[in-house]
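Going left to right, the sequence shown walks through residues 781 to 1105 as this note's numbering numbers them.
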Amino acid sequence: MSSFLAQASFRPKALVLSVTKDSSTLRYLTRINQRTPLVPVSLTLDLGGQFLWVDCEKDYVSSTYRPARCRSAQCNLAGSTARLAAGVKGMAGLGRAKISIPSQLSAYFSFPKKFAICLSSSTSARGVVLLGNGPYVLLPNVDASPSLIYTPLFINPTEGDASPEYFIRVKSIKINEKVVPLDANFLSINKTNGYEGTKISTVNLFTVLGTSIYNAVVKAFSGFRGSFWSHAGGPAVPQIDLVLQSETVYWRIFGANSMVQVSNDVLCLGFGDGGANPRTSIVIGGHKIEDNLLQFDLATSRLGFSSSLLFRQTTCANFNFTSNA
């Protein structure tokens, strides 16, 4: 990416970042070129992160590097690498902030302030972040753009006028088209303290639900008896719908994204209990959005989502890197 910035006359319509899934931590990683001379630097992908940061204190050589002062906020942040995967040097923030990667690159290259992510479920295949416009073409010649469904993105009122994380409004949850009984107050962002609501995260691997929502979903899901088999969308378990702005707009979650295989014979529901009073009622984690195409349009504040690409006989690992940017 640094090599692009060095070419002032270079004006692409879009830029592509390759994304891999780390086999040990299951975090989503990307690489950029930095330093003098340029070398690849691995970063953890943070969908709601405000900016790009790297640890510059170890083995870092750059003609433009200026260290932050000791004990400064910047210095403390740069040193926080204990939870990163081996070899990872920082975080790549894609959030709704003026200095996030999408904001900076769209301003610099004058392309639309939007980006798409398509995370591979495999640790041996690449997913993608595409900054700017599509098309979103996957092999074998599948354009995923027409399959996108749109819903508004919301700003957490306690975070100012440009909260970095991406919130959507879930009005209800259905399992096999039956409504799960929930307290609707937990589904909307509390305008007083910013709690509750639903956000999307690539830092959280699995989806986390507040205790009351978690218990209701598990109870409803376990009420469906019978043997489960595999089909195009993964294990043929009850489908889960996140109902959004209307009954006709919903994000359908199939078995490949709702279940986690823990052994050859055991599948578990891939949701976690986030406690009785979590900051956010529903955190949609990375596993839920694997092999789904998500488009974040910052200019119009809306999310486009495809649901599982497996039903279109393709995956995020099939992104055509040769024809999109």
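C-beta: ideal position from N, C-alpha, C; glycine also.
Asked: Please state the DSSP three-state secondary structure of Val998.; Found: helix
Asked: Here's the rule: buried if 16 or more other CB atoms are within 10 angstroms of the residue's CB, otherwise exposed. What is Asp1071?; Found: buried
Asked: Would you please state the rounded distance, in angstroms, between the beta carbons of Phe947 and Gly977? I believe it to be under 8 Å.; Found: 5 Å
Asked: Buried or exposed, going by whether 16 or more other CB atoms sit within 10 Å of the CB of Leu874?; Found: buried
Asked: Would you kindly report the start and end of the unbroken beta strand (DSSP E) that includes Leu911?; Found: 907-912
Asked: Hey, Leu1089 and Leu1074 are a contact pair by Cβ (cut 8 Å); roughly how many whole angstroms apart?; Found: The Cβ separation is near 11 Å, so there is no contact.
Asked: Enumerated in chain order, which unbroken segments of the alpha helix (DSSP H) with a length of 4 residues or greater are wholly contained in the region 1036-1100?; Found: 1066-1069
Asked: Phe1099: buried (16+ other C-beta within 10 angstroms of its C-beta) or exposed?; Found: buried
Asked: By Cβ distance, which residues of its chain are closer than 7 Å to Thr800, with the 5 residues on each side in sequence left out?; Found: Leu809, Arg906
Asked: At which residues does the alpha helix (DSSP H) containing Phe934 begin and terminate?; Found: Counting along the chain, Phe934 falls outside any alpha helix (DSSP H), and DSSP gives it neither H nor E.
Asked: In terms of residues, what are the limits of the beta strand (DSSP E) holding Phe947?; Found: 946-948
Asked: Is the beta carbon of Ala996 sitting closer than 8 Å to the one on Pro1018?; Found: no
Asked: Straight-line CA distance for Ser952 to Phe934?; Found: 17 Å
Asked: Under 7 Å Cβ to Cβ from Val998, same chain only, skipping five residues before and after it: list those, please.; Found: Leu1049
Asked: DSSP three-state call for Leu928: helix, strand or coil?; Found: coil
Asked: Does Asn965 come out as helix, strand or coil in the three-state DSSP assignment?; Found: helix
Asked: Whole angstroms is fine: what's the gap from Leu985's alpha carbon to Arg791's?; Found: 35 Å
Asked: Decide if Tyr916 is buried, meaning its Cβ has at least 16 other Cβ atoms within 10 Å, or exposed.; Found: buried
Asked: Run the CB neighbour count on Phe1101, radius 10 Å, all protein chains shown included, and call it buried at 16 or more, exposed below.; Found: exposed
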